[in-house]
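Peer 1:
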Amino acid sequence: MPTEGQLPPTAKGADRLEDAGRGLATTPAGEGGDAAVLGVSPLPDRGNPTALIQDASNPAEAGDAVAVAAGLTRLRPVWLAAGIVAVIAATVVGLVVGSVALPPVGVIKEVLGLPSGLSAADVAIIHELRLPRVVLALLVGATLASCGAAYQGVFANPLADPYTLGVAAGAGLGATVAIALGGPGSATPGYVPVAAFAGALLAVALTYVLGTTGGRSRSVTALIVAGVAVASFLTAAQTYVMQRNTDTIRQVYAWILGRLSTAGWGEVLILLPYFLLTTAVLLSHRWTLDVLGLGDDEAAALGINVRRIRLLVVVAASLGTAAAVSVSGLIAFVGIIVPHTVRLVAGSGHRVLLPLSLLFGGAFLVLADLAARTIMAPAELPIGVITAFFGAPFFALVLHTSRRYLR
Amino acid sequence: MSATALAVHDLVVQAAGVRLLDGLSLRVEAGEWLAVIGPNGAGKSTMCRALVGLVEPTAGSIELCGRQVITRRVGRGRPVRAAGVSRRDRARFVAYVPQTPVVPAGFSVADYVLLGRTPYVRSLGTDSVSDRAAMDQAIRRLGLERFAGRDIATLSGGERQRVLLARALAQAAPILLLDEPTTALDLGAQQEVLELIDALRHEVGLAVVTTLHDLTLAGQYSDRLVLIDAGRAVATGSPESVLNEENIERFYGARMKVVYEHGRPVVLPLRGPVPVRTTGAEAG
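Read top to bottom, the protein sequences are chains C and L. Here the first sequence is numbered in this note's numbering, starting from 1 and rising by one per residue. Here the second sequence is numbered in this note's numbering, starting from 1 and rising by one per residue.
Set out below in structure tokens:
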């Protein structure tokens, strides 16, 4: 059975490579003889090579076996469990707390489909109002956090997120145009999410084209600079549209600041397929994203098609982000604070980062939404205010404490 | 019994109208150490980049372990990547350690060495038991057990270079390509790293190709030297035959004295009027 460490048998050099692999696994006693064949005459003062070889009979060997494997950054069960507990706890709190306080045990029973003893009105509150809102917050938070982590990985830039790349600005312009065209009124036109989505994809495409033209050796910096330029341009265009249509300015602001207040199962169903697709693509690139951290050249020398992987991950993350933004408005900082917190406490590898960002991102946004609807109850704060209020100081803290980490 | 690990024929690399490599040919046997020397801008780094596929040659061929990876096209046009040899396959042949490697933030030594297994990791998958075993072996071989859990950014230059070697070793490629492995290391660390490379190639039968600025180190450690100037090999052979005062004066424009220690050349700088170089490197 060919092992992964070996070349296809058709390779003429396969025997040499197997030799290399074998030499790695066990040091053949006869290898030293090859030196003479090759005509190398070791100098006395160049040291005895065998003295550098680790003694296999070292008594410390057994202890070291544990030590080396323990050096790997792995998704520790305790963190996975913590993430799942956070999601469940946030969900329960999100369902229980509100203008009508509900009994936690009854809520849990109701959600699990058990006889709960709740009144028909309470059941309706759970199923029609709070559950879709909590589920949407979970999906949006998970999407924004994992896409933020993916952007940071794929651009090897800790500051990359939907904002840096112009995705959010594009979505903002799309929504503003849609609302302005819809004219003043209390109801937000149904095609706003579609327009936001189109704007987001347009922005990504613009950023990508702008950041990747001008030679084969394009840099990560060029892409970020392009993203900033695209974002500025689209934001200017959005401001212009807003000023020309002052009658709808309040609606636009409400959308920009983000809201989950109008969430129903319809929004959940819009987002769900994109969430699943994006998550599948990102998780399947957990190894490759780590390799991209070595820089384009080294990743390519290790056999990675850097260009294709980067395009694929950026498109997937942008699709997810645009879908999330189009149903929830612009919710800042989730894509930055959640992945950075995970990195600081649980480790940097994407096998750790992506799953934990999904879980903690979801839990974080449920709680942020809870704060948004309870702090000034019965009025609601835009959720973007909550995430920015906690996000900005946290971000400053990250910048201050981990200079090494941000390089 | 030695097989040819690497054969390069008439390699030309052109960028923006400048010929960085201009018909370079060289050959390395399995278990052999070839040091590539030459003045700044001679094309040493370009050669490394062409060998691992970071730049596409405009002409010539590259053969790795008897397998054509870049084939000369008959007639007109650029040489083509040989069918059936993917980027991944190539990474199984050549392990590359660049001059200034990117050290990713928050990676432990074990994480970093494991990335050397990338050419064997299934597409969309992650590391297997055998990958972790290879990582473990490589770390032990370079005596890095104590550092396995350390953040790579906290290591000293010499320790970091050993970690890079461990990553290259985990890649299990028969050719080890190092671009200036001693740059930015102190004298002790330089010797330690070169001794390790020497031990590894004897043990595992690796073909080693290093570019080296330090001519004495190149003369002391390598089996053969190739002196590159203006993108082509101008002298190839044993250290004694390549490292003579005339070659150094002509291609480096340097006044040096070559003495012999243990039968190998040692190059010493001398004060005095600097000779004029008589090569194309300055013009290019």
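For glycine and all other residues, C-beta sits at the position ideal for the given N, C-alpha and C.
What's the gap between the Cα of Leu173 (chain C) and the Cα of Arg232 (chain L)?
Peer 2: Cα to Cα, the separation comes out at about 56 Å.
Peer 1: Looking at C-beta atoms only, is the number of pairs between the segment 120-130 of chain L and the segment 284-296 of chain C that lie closer than 8 Å three or more?
Peer 2: Yes, the segment 120-130 of chain L touches the segment 284-296 of chain C.
Peer 1: Flag Trp287 (chain C) as yes if its beta-carbon sits less than 8 Å from any beta-carbon of chain L, otherwise no.
Peer 2: Yes, its Cβ sits closer than 8 Å to a Cβ of chain L.
Peer 1: Give me the subset of the segment 292-307 of chain C whose CB atoms are less than 7 Å from a CB atom of chain L, sorted by chain position.
Peer 2: From the segment 292-307 of chain C, only Gly293, Leu294, Gly295, Asp297, Glu298, Ala300, Ala301, Leu302, Gly303, Ile304, Asn305 have a Cβ closer than 7 Å to chain L.
Peer 1: For the alpha helix (DSSP H) containing Val338 (chain C), name the first residue and the last one.
Peer 2: 334-346 is the extent of the alpha helix (DSSP H) around Val338 (chain C).
Peer 1: Just checking: is the beta-carbon of Arg130 (chain C) within a distance shorter than 8 Å of some beta-carbon in chain L?
Peer 2: With 8 Å as the cut-off, Arg130 (chain C) does not count as an interface residue toward chain L.
Peer 1: Following the continuous beta strand (DSSP E) through Ile37 (chain L), name the residue where it begins and the one where it ends.
Peer 2: 33-37 is the span of the beta strand (DSSP E), which, as asked, contains Ile37 (chain L).
Peer 1: Would Ser357 (chain C) pass as an interface residue toward chain L - the criterion being a Cβ-Cβ separation below 8 Å?
Peer 2: It does not; no Cβ of chain L falls within 8 Å.
Peer 1: With DSSP as the reference, label Tyr260 (chain L) as helix, strand or coil.
Peer 2: Here Tyr260 (chain L) sits in strand by DSSP.
Peer 1: To the nearest angstrom, how far is it from the Cα of Gln68 (chain L) to the Cα of Val209 (chain L)?
Peer 2: Cα to Cα, the separation comes out at about 18 Å.
Peer 1: In terms of residues, what are the limits of the alpha helix (DSSP H) holding Tyr221 (chain L)?
Peer 2: It spans 215-221 - the alpha helix (DSSP H) in which Tyr221 (chain L) sits, taken as one unbroken run.
Peer 1: Assuming the contact rule is C-beta atoms closer than 8 Å, Ala207 (chain L) and Gly31 (chain L) should be a hit. Round their C-beta distance to whole Å, please.
Peer 2: Yes, Ala207 (chain L) and Gly31 (chain L) are in contact; Cβ-Cβ is about 7 Å, under 8 Å.
Peer 1: Residues in the same chain with beta-carbon distance under 8 Å from Val259 (chain L), minus the five sequence neighbours each way, listed in chain order, please.
Peer 2: Correct list, in chain order: Pro265, Val266, Leu268.
Peer 1: Is the segment 261-274 of chain C in contact with the segment 201-208 of chain C, if contact means three or more CB pairs nearer than 8 Å?
Peer 2: These segments do not touch.
Peer 1: Taking three-plus beta-carbon pairs below 8 Å as touching, is the segment 383-390 of chain C in contact with the segment 97-110 of chain C?
Peer 2: No, because fewer than three Cβ pairs between the segment 383-390 of chain C and the segment 97-110 of chain C fall closer than 8 Å, the two stretches do not touch.
Peer 1: Indicate the three-state DSSP secondary structure (helix, strand or coil) for Gly141 (chain C) in the structure shown.
Peer 2: Helix, per DSSP.
Peer 1: Could you tell me the alpha carbon to alpha carbon distance between His262 (chain L) and Gln220 (chain L), rounded to whole angstroms?
Peer 2: Using only the alpha carbons, I get a separation of about 9 Å.
Peer 1: Going by Cα to Cα distance, which pick from L:Gly38, L:Gln14, L:Gly17, L:Leu11 is closest to Tyr252 (chain L)?
Peer 2: Of L:Gly38, L:Gln14, L:Gly17, L:Leu11, the residue nearest in Cα terms is L:Gly38.
Peer 1: For Val259 (chain L), is the beta carbon positioned less than 7 Å from some heavy atom of the ligand ADP?
Peer 2: Looking at this structure, you won't find the ligand ADP or any other ligand, since it has none at all.
Peer 1: Can you list the residues of chain C that Val276 (chain L) reaches, using a CB-CB cut of under 7 Å?
Peer 2: Result: empty, since nearest Cβ-Cβ is about 34 Å, beyond 7 Å.
Peer 1: Could you tell me the distance, in whole angstroms, from the CA atom of Leu365 (chain C) to the CA atom of Leu269 (chain C)?
Peer 2: Going by the C-alpha atoms only, they are around 18 Å apart.
Peer 1: Less than 8 Å between the CB atoms is what I'm expecting for Gly349 (chain C) and Thr73 (chain C), so what's the real figure, rounded?
Peer 2: Right, the Cβ-Cβ distance comes to about 4 Å (below 8 Å), so this counts as a contact.
Peer 1: So for His127 (chain C), helix, strand or coil by DSSP?
Peer 2: In the structure shown, His127 (chain C) sits in a helix (DSSP, three-state: H, G or I).
Peer 1: Mind listing the chain C neighbours of Thr118 (chain L)? Cutoff is C-beta to C-beta under 7 Å, in chain order.
Peer 2: Going along chain C in sequence order, the residues near Thr118 (chain L) (Cβ under 7 Å) are Val291, Leu302, Gly303, Ile304.
Peer 1: Please classify Thr210 (chain L): does DSSP put it in a helix, a strand, or coil?
Peer 2: In this structure, Thr210 (chain L) counts as strand in the three-state DSSP scheme.
Peer 1: Compare the C-beta of Gln54 (chain C) against all C-beta atoms of chain L and say whether one is closer than 8 Å.
Peer 2: Any reading at Gln54 (chain C) is ruled out, since the residue's pLDDT is 39, under 50, leaving its predicted position unreliable.
Peer 1: Nearest-angstrom Cα distance between Arg132 (chain L) and Arg90 (chain L)?
Peer 2: Going by the C-alpha atoms only, they are around 21 Å apart.
Peer 1: Does chain C have any CB closer than 8 Å to the CB of Tyr96 (chain L)?
Peer 2: Yes, Tyr96 (chain L) counts as interfacial toward chain C.
Peer 1: Which residue from L:Gly23, L:Glu56, L:Leu212 puts its Cα closest to that of Asn40 (chain L)?
Peer 2: The residue with the shortest Cα to Cα distance from Asn40 (chain L) is L:Leu212.
Peer 1: If I measure Cβ to Cβ from Thr143 (chain C) and keep anything under 6 Å in the same chain, skipping five residues before and after, which residues do I get?
Peer 2: Closer than 6 Å at the Cβ level, and outside the excluded window around Thr143 (chain C), lie Phe275, Gly320, Ala324.
Peer 1: Using a C-beta to C-beta distance shorter than 9 Å, which residues of chain L count as neighbours of Ala70 (chain C)?
Peer 2: Those are Ala110, Ala148, Gly149, listed as they occur along chain L.
Peer 1: DSSP three-state call for Thr278 (chain L): helix, strand or coil?
Peer 2: Reduced to three states, the DSSP call for Thr278 (chain L) is coil.
Peer 1: Could you give the DSSP three-state label for Thr4 (chain L): helix, strand or coil?
Peer 2: Strand, per DSSP.
Peer 1: Beta strand (DSSP E) containing Thr236 (chain L): first to last residue?
Peer 2: First-last of the beta strand (DSSP E) with Thr236 (chain L): 232-237.
Peer 1: When you compare only the Cα positions, how much space is there between Pro158 (chain C) and His202 (chain L)?
Peer 2: Going by the C-alpha atoms only, they are around 42 Å apart.
Peer 1: Could you give the uninterrupted runs of the alpha helix (DSSP H) lying entirely in the segment 144-211 of chain C, keeping only those of 4 residues or more?
Peer 2: You should have 167-182.
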